[in-house]
Amino acid sequence: MPRSPRTSPSRGAITGYVMKLIRESLPVSQEHLAADLGVDLATVQSWETGRRPFTATAFGRTIAIRNQLAHLGADPPLLATIDDAAHADYLLGQLLDTDPETADLNQHALGWSVLTHQVTDLIHWAAVGKTPAALAPAVAAAPARGRRGPVAAAPTLDPAQRAAFFTNTQVLADRSIGHDDRLATLHRQACFLAGIDPTGASASWLSRITKSTKTLSTFPTWNRRWPAARSVATSLAQQGDPEPLRDFITRAHPDDTCGLAALNYSAYWVGELRHRQHDDAFMTDPRLPWRGTLLLRHLIDRLRPGHPFLDLNIHNLWLLLTARPGILNDDPALSRDLITASQRLLDSGGLWTQSHTELTCVYYGVRMDAPPQSGTR
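The opening position of the sequence shown corresponds to residue 2 in the numbering used here, with each subsequent residue numbered one higher.
Right, here's the structure in full:
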């Protein structure tokens with residue numbers, strides 16, 4: 002059975018769609034942008050559709066184009082997304098163009114750096130069509146603006162490419178089981194990407210991976226299996242089974258090192274660390290320079306019933322406020338929003354016992370330190 006589609010997938014579809022959103026944020030037509038950048042219309046159209054990937058442009062030229070776009074008034078967060086979009090396109094090319102059965106696992110790009118939330122969301126966008134939350138306002142606003150020329154409807158893979166994506170990530174995860182620590186990052190990230198399949202088809206495969214590797218065992222302290230256990234547990238939660246994640250929360254946080262790893266990884270995930278990390282060893286580094294306000298906002302925004310990672314979000318919130326209680330002083334809105342979200346969630350009922358205990362602790366602790374607020378209990 003073939004592991005990749007016969008036609009080579011575009012390696013610039015995500016970057017191209019971001020370029021389209023940038024143009025529409027100005028807003029100008031493709032013709033006007035081509036004139037402003039000193040290129041022909043076909044070049045702009047090819048960038049936006051991914052037929053001629055923007056990532057194939059000479060490095061110096063891309064810097065000049067980005068500076069020109071900024072000068073024209075392009076949305077700064079969209080401009081900043083280009084790097085992550087290019088990374089996501091590169092990984093998709095590796096996953097779709099390289100035979101996972103014969104690929105040199107030590108040289109596979111999926112194991113070269115630790116994925117961030119933004120890069121993962123962009124890959125998710127292509128694989129299953131779910132728009133990244135950070136880009137949702139720009140995507141929603143796009144239909145209201147005039148469009149001329151060919152543009153991509155979304156940077157989604159076609160059905161054959163989508164099937165190849167999930168098959169290939171499973172093969173990579175299977176092949177990297179039981180190897181040394183050099184493949185630990187590749188293995189867990191392949192497991193995580195395979196687990197975003199919205200059809201539920203990967204659930205049985207993830208369960209098999211868990212049993213064959215004893216992934217969700219008890220941890221006396223952090224080791225290289227800890228991130229893999231977390232990735233598999235979150236993937237199973239994404240598939241609708243919260244118990245492995247609850248088991249991980251209960252049995253994989255026995256000491257301060259594991260708590261530090263949970264916070265360091267979460268801070269990196271949401272973009273609090275400036276530099277890309279190349280393996281999972283950074284998780285236990287106590288010297289990493291991050292404050293936690295981005296992480297706190299990320300967690301507050303995800304305190305809602307039905308979120309697949311609700312239990313993990315509550316636990317990480319409890320860890321964060323225990324480790325850095327003064328963080329709420331950075332922005333009064335954080336305290337207000339946390340009180341509101343926590344009260345709503347506690348009133349809704351149905352929380353896992355440990356989550357209820359931790360969230361109650363957070364709620365009353367924050368209320369004691371916050372100014373009086375109408376409508377709270």
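For each residue, glycine too, the CB sits at the ideal point set by N, CA and C.
Nearest candidate by alpha-carbon position, reference residue i, set the options
i, options, result
"Ala191", "Ile250, Ser236 and Thr258", "Ser236"
"Val271", "Thr117, Arg325 and Thr16", "Thr117"
"His308", "Asp242, Leu111, Gln355 and Ala110", "Asp242"
"Leu22", "Ala86, Phe283, Leu106 and Leu158", "Ala86"
"Asp302", "Ala134, Asp100 and Trp126", "Ala134"
"Thr200", "Ala137, Leu136 and Val129", "Val129"
"His109", "Arg275, Ser177, Phe220 and Glu49", "Ser177"
"Asp181", "Leu106, Pro138, Ser343 and Ile15", "Leu106"
"Leu335", "Thr361, Gly61, Ala324 and Asp370", "Asp370"
"Arg292", "Phe310, Tyr269 and His279", "Tyr269"
"Phe55", "His72, Asp84, Pro78 and Ala161", "Asp84"
"Asn317", "Leu70, His125 and Asn265", "Asn265"
First and last residue of the uninterrupted alpha helix (DSSP H) at residue i
i, result
"Thr121", "His118 to Val129"
"Ser343", "Pro333 to Ser349"
"Arg252", "Glu244 to Arg252"
"Arg62", "Phe60 to Leu73"
"Leu96", "Pro77 to Asp98"
"Gln239", "Arg226 to Gln239"
"Glu25", "Ala14 to Ser26"
"Thr50", "Leu42 to Thr50"
"Gln355", "Thr354 to Asp370"
"Glu273", "Unbroken run through Glu273: none, as it is neither H nor E."
"Val172", "Pro160 to Arg176"
"Val140", "Ala137 to Ala142"
"Thr186", "Ala185 to Ala195"
"His316", "Leu311 to Ala324"
"Thr219", "Note, Thr219: premise wrong, no alpha helix (DSSP H); not H, not E."
"Arg288", "Neither: Arg288 is in no alpha helix (DSSP H) and is coded neither H nor E."
"Asp37", "Gln31 to Leu38"
Pair within 7 Å by beta-carbon distance, residue i and residue j
i, j, result
"Leu300", "Gly260", "no"
"Gly74", "Gly51", "no"
"Ile315", "Ser356", "yes"
"Asp90", "Gly13", "yes"
"Leu184", "Gly196", "no"
"Ala59", "Val45", "no"
"Thr132", "Val120", "no"
"Thr168", "Leu194", "no"
"Arg252", "Asp312", "no"
"Thr157", "Ala127", "yes"
"Ala143", "Glu25", "yes"
"Phe166", "Leu111", "no"
"Asp331", "Thr358", "no"
"Thr285", "Ala262", "yes"
"His188", "Ala174", "yes"
"Thr186", "Trp223", "no"
"Arg288", "Ser114", "no"
"Pro326", "Asp281", "no"
"Leu42", "Ile66", "no"
"Leu352", "Leu304", "no"
"Val367", "Ile328", "no"
"Phe249", "Ala234", "yes"
"Val172", "Pro101", "yes"
"Ser349", "Pro290", "no"
"Leu322", "Val363", "yes"
"Leu136", "Ile15", "no"
"Gln162", "Ala204", "no"
Cβ-heavy atom distance, residue i to the ligand PLP, below 6 Å
i, result
"Gly272", "In the structure shown, the ligand PLP is absent, as is every other ligand, since no ligand is present at all."
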